[in-house]
Structure formats: C-alpha cells, structure tokens
Amino acid sequence: SYIEKFTDFLRLFVSVHLRRIESYSQFPVVEFLALLFKYTFHQPTHEGYFSCLDIWTLFLDYLTSKIKSRLADKEAVLNRYEDALVLLLTEVLNRIQFRYNQAQLEELDDETLDDDQQTEWQRYLRQSLEVVAKVMELLPTHAFSTLFPVLQDNLEVYLGLQQFVVTSGAGHRLNITAENDCRRLHCSLRDLSSLLQAVGRLAEYFTGDVFAARFNDALTVVERLVKVTLYGSQIKLYNIETAVPSVLKPDLIDVHAQSLAALQAYSHWLAQFYGEVHRQNPEQFISLVSTALEAVTPLISSKVQEKLLLSACHLLVSLATMVRPVFLISIPAVQKVFNRITDTSAQRLPDKAQVLVCRALSNVLLLPWPNLPESEQQWAVRSTNHASLVSALTREYRQLKASAILPQRKVQLEDTKVVIHQTLSVLEDIVESISGESTKSRQICYQSLQESVQVSLALFPAFIHQSDVTDVMLSFFLTLFQGLRVQMGVPFTEQIIQTFLNMFTREQLAESILHEGSTGCRVVEKFLKILQVVVQEPGQVFKPFLPSVISLCMEQVYPIIAERSSPDVKAELFELLFRILHHNWRYFFKSSVLASVQRGAAEEQMENEAQFSAIMQAFGQSFLQP
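Residues 4 to 629, numbered by this note's numbering, are exactly what the sequence shown covers, in order.
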C-alpha cells in the first residue's frame, strides 16, 4: 500500500540520509520530527505503528552515537531535540496504558505466540519500552520524572486494595463487585504491570558511572518495589476471590510477578550499593535486602501459581548470585527456604522452580563474598553447609546404587527414572552456575557432589538401553567435564572415559543413531562432546585414550552415519576429529615443524598413518555429500 511504501521511504531517509542532511542549518529537522510524530501516532494499523517505532529507534540510535562522538556539544544537541523527545516519551507511555488507549490495546492478541515466542501484546509492549529506554539514556532526569508519577498513581490504586479485602468462609474476597469498578480496576492493574516492566527496563541507567548522580532516584524506585512485593506477599492477593476471577485474578498475579521481576532488574544496582556501603552505614541496604527476601519466601511453595513462583525464584537467584551479601545466610527468610528444600516430607516444587531455588542456595554457600579478603570468607563452615545441602538433595538418588543392578518392574523403573531426572537436573545446574568461579568454589562443589558422581557412573551401565536416562546422565557428565575436570582428578576421569568407551559398542551406537532426531541421537552427540573436551586437554594425561577415541570415531560411529544425513551427530563427529588433529598433531608427526623445514626435502616419517588417512578421507568424503 501507499502508506507502507511511504514508511519504507522514511526509514531509508532516516537511516541513510539524515546524518548528512541534519548538519545543514537550512534543513528544518525539528519540523520534520514533528511531522514524523503525527505520522506515527495516526497509523491505522498496529504493524504501521511498529514500523514507525523502528524509525524512531534508528533516530535515537543516531542521536546517541552523535552525542558520544561530540561530548563537547552534548548540551546543544540535546537542547535542540529535548521537546521532541519528551513529547515522544509521553505519547509512547500513553499508548501502552489502558487509561488512554483501551480500545486499541484490547484488540491486541495476548495468547498466540509468534516465531519469537511473543504474543502480539508482548511485542507491542517490548517495542514501546525500547523507545522509552533509549529516551531515558539521552534524557535520564526528564524520563524518570515523566514515568515515576504515572507508576505512583497506579501503585496507589494497587496498595489501596487492602481496604476492600474481606474474610469469606475459609479465605479472603475482594469486595469490589460493580461492573464499572471491576473494569477500571482491570485497566489500572494492566497499566501497573506495563509500568513495572518499564521501570525494570530502565534499571541499567542507574548503575556504573552514574550510580552516585542518580542514587536518590534509584533508591526511591527500589524502596517502592520492595514495599509493593512485600505487600503482595503479605495480603496474598494472588489467592484472593474476586467478582470476575477469569480477569482480575490473572491481573493480580501478573502485577505481583512483574513487581518481583522489576526488583530483580535492580540487582546490579543493589550489588553496587553494597560495594559502596559494606564498611559503613549498611543499615539501609540490609533493610532493603531483608525485606525483599521476606516478600520472596512465602511464594516459594508448590501451592503458588507457577508464574509468580518462578518470578520469586529468579529474584532469589539474583540476590544470591549478583548481590551476595555476607549476611544472606543468617536471614531467617533464607533459612526457612533451606529448611523447606531439604525437608523430604515437604511437597517438591515444580522442576524449574526446584532447580532455581537449589541454585540460589548453593550459590549462597559457594560464591565468594565481595569486598572481603580470603581469610574472612569462612570457607570451612560454608563447605560443611554445602555438603549437608547436597546430601539432603541427593538422598533418594544415592540410595539407587544398591538396587540398580536388580531387574525392576515397570512402575518401579518409572519412579527410578523420575528420581534420576530430578536429581541430575538440579546437580547439573549447580555445577554450571559455578563453572567460571574461583578454584575454591569449584573444590567445595566437587567435594559435595563426589558421591553422587560416583553413583551416576555406577548407574550408567544399568540404563544404557534407556536413552532418556542416558541423555540426562551424559548431560550431567558433560557439564562436569566442562566445569570441574581439574577437581575430578585424573584417575577418576580416566575411569569415566573408559566406562563410556566400553559401553558404547557398535550395536549400542547404531541403536542410538538410527532413530534420527531421537533422544538416542542426543546421547551420542553429548558423548562426542565429552570426548571433544578430553582430546583438547593439554599435557600427556589423556593421550593414552587417543587410539581408542579415534577407533571409536572411525570404526564405529563414522560407518553408521557416513551414508545417512544425521546432521547433528555428523557435526559433533567432525568437530571431534578436527580437535584431534588440531590439538594432537604430534600423535601423527613426531618432530616439530621447524625441524622438518630445516631438514629440507627429506620425507618425514609419519606415525599412525592409517588413522590419519582415514580421518582425512572422512573430511574429503563430507565435501562430496549434498
């Protein structure tokens, strides 16, 4: 259509020509932006509006880079565009609020996911918030003073709901029943949810070099967020009966979840705040973190809706991982979570939440405290506590070792599989989260996991024909090899590799690979990835395995996949062969390159020539395949 083509023309004009034309004093750039503003907010379709927001994003990116390259003229440039930017910010904020734009917003689909796993509503909100964030980067004070009062108005409505909560039977009810009042509350809650996301999106503009200059604004936001999350958890709005449960209940859950997510976005700011105050006057900081944890703890329950539960878990992980205050372990709220997770009689959380909470608790004990010397890290106590935590989490799993060799009935086998899946997903996540940390953290982690790792190796042969089990086991071992292979030590690592090489016979590999795209294929891919880690290890320790690894590749895996597409297994096999050649060329050519050159044309004697030729032939053959 004409409008689409004209929008494309404007995009090209702004992205390609504006840089050049804007420098001409005769070009009325402010008037051009005023017309673009009108054009944007009179678009007849959502797609047209999205396209115009893209144009504004291009302009804001251009302005940001121009200011960074000409810091001396920063004020002059900003003064020229200030009115236009404030107007844009205000209008974009109005457009995401039901208070001003209900008819249009209700047309947006909030159920069907697109290719990016977003609904139409989520895409609308995300693109709008990107524009808000870019204006915030240019005009932080204006943006904050525009957004915060709007957030405050909607917060007052939410915080005022307490007066309408009445006791009814066994629970509580929200005593707002008039249709008009329910509709207004629905709009206010939807707006509050969007504005909380906006405030979270702006968190990055309060940290780093501007921390001190914008401290008071950030503190105001964080204090409000802490208050709101605690309020939601204390009066349990997520469990309340409402006049329109299909509408208001999801709204109340969403606001609570978004307030936790917004607070999580300020974790970096809290970490910087902790760095500034840890030696003097930390009371304000301690109060913020303790109150936030009081808001989180009641939500860590299998009775809480998953959306809200996961928001609480993510906030707990961020406080334990990014902020890491030394007093975290002694807060009663955190101790309550420890007791809840290690109590075998308590109902287990859904898998995702269980993994997140266990990661948070493990990180509280494993990650070094910031701002403190090594001598004050209390590693001995933390090591004992971590061992107790892992022992409690793996109690059922470790008991499997005795029964693994016995034949199991179908129901019993399914129960065993569930225990293996649940335990290894938690342990794998714990290892992954500390794999880049200090040696001390990794040592303590491996000490705690050692028995479970040995149990896993003992169980592996018993489940070799259950590809869903070997898949999670190899995933766990791959994470161990990537993060803790130094801590595992050479003898045990050799034992693991030898066990795998013995178990993956040609028949077993064929059984796994022939079902393309299956779990069996994934098992072989992970096994090859483990071998990739092993063959690139420096030193002589794992060199004795090279003949077996090459033999496995060329005599067992390659013949099965050579004539099939099996793209994923092939990719991992060729990656492994490449790493064998790249890191172990002396296995084939004993003398150094320099010695070969100095000897001149004399032919160098090659070692293991048959294996080298087979590998090169496999590479050559791969180029001939479609």
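From the three backbone atoms N, C-alpha and C, an ideal C-beta is built for every residue, glycine too.
Original post:
Which residues in the same chain have their Cβ closer than 8 angstroms to the Cβ of Thr223, if we skip the five residues on either side of it in sequence?
Top reply: Phe151
Original post:
Under 8 angstroms, do Lys137 and Thr60 count as touching if we go by C-beta distance?
Top reply: yes
Original post:
Starting from Arg176 and walking both ways along the alpha helix (DSSP H), at which residues does that stretch end?
Top reply: Here Arg176 belongs to no alpha helix (DSSP H); instead the beta strand (DSSP E) covers Gly174 to Leu177.
Original post:
Residues in its own chain within less than 6 angstroms of Arg525 by CB, not counting five upstream and five downstream?
Top reply: Asp474
**OP:** Note down, one range per segment and in chain order, each alpha helix (DSSP H) of at least 4 residues found wholly within the region 488–576.
**Re:** 493–506, 509–516, 522–538, 549–554 and 561–564
Subject >> Own chain residues within Cβ distance below 6 angstroms of Leu481, not counting five before or after >> reply: Lys529, Lys532 and Ile533
Subject >> Nearest candidate by alpha-carbon position, reference Gln155, set Ala216, Val135, Asp119 and Leu228 >> reply: Leu228
Original post:
Mind checking Val493: buried by the 16 CB within 10 Å criterion, or exposed?
Top reply: exposed
**OP:** From the DSSP output, in three-state form, read off Ser171 for me.
**Re:** strand
Original post:
What's the call for Gly235, buried or exposed, on a 16-neighbour Cβ count within 10 Å?
Top reply: buried
**OP:** Answer yes or no: do Val538 and Leu579 have a C-beta to C-beta separation smaller than 8 angstroms?
**Re:** yes
Original post:
Which partner residues of Glu244 appear in the DSSP bridge assignment?
Top reply: Arg176
Subject >> Close-in-space but distant-in-sequence residues of the same chain around Val169 (CB under 6 angstroms, 5 per side omitted) >> reply: Arg176 and Asn178
Subject >> Given Gln535 as reference, the closest of Pro562, Phe484, Val80 and Glu497 once Cα atoms are compared >> reply: Phe484
Original post:
How many whole angstroms separate the CB atoms of Ser262 and Thr232, which I take to be in contact at a CB cut-off of 8 angstroms?
Top reply: 5 angstroms
**OP:** Give a yes or no on whether the C-beta atoms belonging to Ile58 and Val17 are separated by under 8 angstroms.
**Re:** yes
Subject >> Asn82 in three-state terms, based on DSSP >> reply: helix
**OP:** Please determine, among Ala363, Ala465 and Thr496, the residue with the shortest C-alpha to C-alpha distance to Val434.
**Re:** Ala363
Original post:
For Met609 versus Phe591, is the C-beta distance shorter than 8 angstroms?
Top reply: yes
Original post:
Shortest alpha-carbon distance to Glu140 belongs to which of Ile24, Asp64, Arg102 and Pro371?
Top reply: Asp64
Subject >> DSSP three-state assignment for Pro373, whether helix, strand or coil >> reply: coil
Original post:
Skipping 5 residues on each side, what residues in its chain have a beta carbon closer than 7 angstroms to that of Trp372?
Top reply: Arg327, Val329 and Gln380
Subject >> Met506 versus Asp471, Phe466 and Phe479, residue with shortest Cα-Cα distance >> reply: Phe466
Subject >> Per-residue DSSP class, three states only, for Lys8 >> reply: helix
**OP:** Return the CA-CA distance between Tyr634 and Lys573, expressed in angstroms with no decimal places.
**Re:** The question about residue 634 has no answer here: the residues shown for the chain are numbered 4 through 629.
Original post:
Can you give the Cα-Cα distance for Ser148 and Leu403, rounded to whole angstroms?
Top reply: 60 angstroms
Subject >> alpha helix (DSSP H) segments (min. 4 residues) lying fully within the region 91–126 >> reply: 101–110
Original post:
From Ile289, Ser459, Ser441 and Leu92, pick the residue whose C-alpha is nearest to that of Ser406; which is it?
Top reply: Ser459
Original post:
What runs of the alpha helix (DSSP H), each 4 residues or longer, lie entirely inside the region 313–401?
Top reply: 335–345, 354–369, 382–396 and 398–401
Original post:
Can you check whether the CB of Thr324 is closer than 8 angstroms to the CB of Asn388?
Top reply: no
Subject >> Contact check, Leu90 vs Asn157, beta carbons under 8 angstroms >> reply: no
Original post:
Going by other Cβ atoms of all chains shown within 10 Å of its Cβ, with 16 needed for buried, is Ser436 buried or exposed?
Top reply: buried
Subject >> Cβ shell of Leu92 (< 7 angstroms), same chain only, five flanking positions each side left out >> reply: Val135, Val138, Ala146 and Thr149
Original post:
In three-state DSSP terms, what is Gly203?
Top reply: helix
Subject >> Where Gly486 sits in the DSSP three-state scheme >> reply: helix
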